[in-house]
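Residue numbers (my numbering): 578 to 824.
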Ligand SMILES: Nc1ncnc2c1ncn2[C@@H]1O[C@H](COP(=O)(O)OP(=O)(O)O)[C@@H](O)[C@H]1O
Ligand SMILES: [Mg+2]
């Protein structure tokens, strides 16, 4: 099971959107997907019209069925309580990897961890468990400064806990005709972890939030997410089907 975390300590940059879309596209390409909502605000759970659960129920770790390819472990508003317990535990940084995700290894191809906008212990757990961090950013200078702090944390995690973690910066909500977007793109060109993955600002994405499904009828949009999934998660093994065949 490949583990992907969508992470950025800045809110509203597209972590939840990215989690939902890549989950969907993986499912459309016959991968078994486990989505885990680690944000106490529960936006990914709401996206799929699922209620938050109690911490006790969360601890029982039974994923909910979304469709025949996707399962979700919803969030709990009680993550603060779990975080306190983790902070007081000697091996609290390995909890997610060793006590939670281990049990799903043989049932799912990919697990996507959607995180809250902070650099707390639960997010550090997610980075310790993950094979790859997807870092969505917006084309503005605040996003650029946030990128330094998330990269700093990943450097530390890589050094101390998870030497193999990879990372990828994705530029989200890009508007090619806006001047400041172009300036940020030039700035990002010098970032080691940005490999020209750009998701445009699309009204259809905005409208999807809380609709229970993603609308990938737009072939260009599907192609962008397909190439993210194929190149960054599936080692190029997927065959791009015509969207009409997979809808
Ligand atoms: N490429 C995009 N085009 C248009 N709207 C987007 C795009 N990506 C995200 N959004 C919208 O931006 C808002 C914040 O996105 P979200 O995924 O919730 O961010 P985060 O999880 O980082 O807080 C949501 O309303 C979402 O629909
Ligand atoms: Mg979110």
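By construction, the Cβ of each residue, glycine as well, lies at the ideal position given by its N, Cα and C atoms.
Quick caveat: nothing in here was measured; it's all calculated off a predicted structure.
Close beta carbons around residue i, own chain, < 8 Å, minus the five adjacent residues each side
i	result
residue 607	646
residue 768	724, 746
residue 675	668
residue 670	663, 698, 701, 702, 705, 738
Candidates the options: closest to residue i by CA position
i	options	result
residue 673	664, 693, 699	699
residue 755	659, 804, 777	777
residue 783	801, 652, 624	624
residue 617	677, 737, 694	694
residue 627	637, 638, 636, 614	614
residue 809	594, 588, 602	602
residue 744	764, 753, 771	771
residue 649	773, 719, 629	629
Supposed contact pair residue j and residue i - C-beta distance, whole angstroms, cut 8 Å
i	j	result
residue 631	residue 655	7 Å
residue 761	residue 721	7 Å
residue 619	residue 713	19 Å between Cβ atoms; not a contact.
residue 582	residue 703	4 Å
residue 817	residue 803	6 Å
residue 596	residue 621	6 Å
residue 641	residue 651	6 Å
Proximity test, residue i beta-carbon vs ligand 2 heavy atom, cut-off 7 Å
i	result
residue 653	no
residue 620	yes
residue 785	no
residue 780	no
residue 691	yes
residue 626	no
residue 795	no
residue 670	no
residue 616	yes
Per-residue DSSP class, three states only, for residue i
i	result
residue 824	At residue 824 the pLDDT is 44, less than 50, meaning the model places this residue with poor confidence; the figure from the coordinates comes in the next sentence. Residue 824: coil per DSSP, three-state reduction.
residue 580	strand
residue 649	strand
residue 608	coil
residue 623	helix
residue 712	strand
residue 719	helix
residue 772	strand
residue 613	strand
residue 630	coil
residue 670	coil
residue 778	coil
residue 766	coil
residue 686	coil
Heavy atom of ligand 1 within 7 Å of residue i beta-carbon
i	result
residue 590	yes
residue 754	no
residue 748	no
residue 776	yes
residue 694	yes
residue 585	yes
Sequence-distant residues of its chain with Cβ nearer than 7 Å to residue i (five each side left out)
i	result
residue 600	610, 612, 647, 689
residue 682	578
residue 685	578, 609, 610, 611
residue 678	580, 688, 706
residue 715	590, 749, 750
residue 791	597, 598, 601, 785
Contacts around residue i, its chain only, beta-carbon distance under 6 Å, and the 5 residues preceding and following it disregarded
i	result
residue 775	748, 751
residue 580	688, 706, 707, 708
residue 735	742
residue 793	799
residue 730	696
residue 666	none
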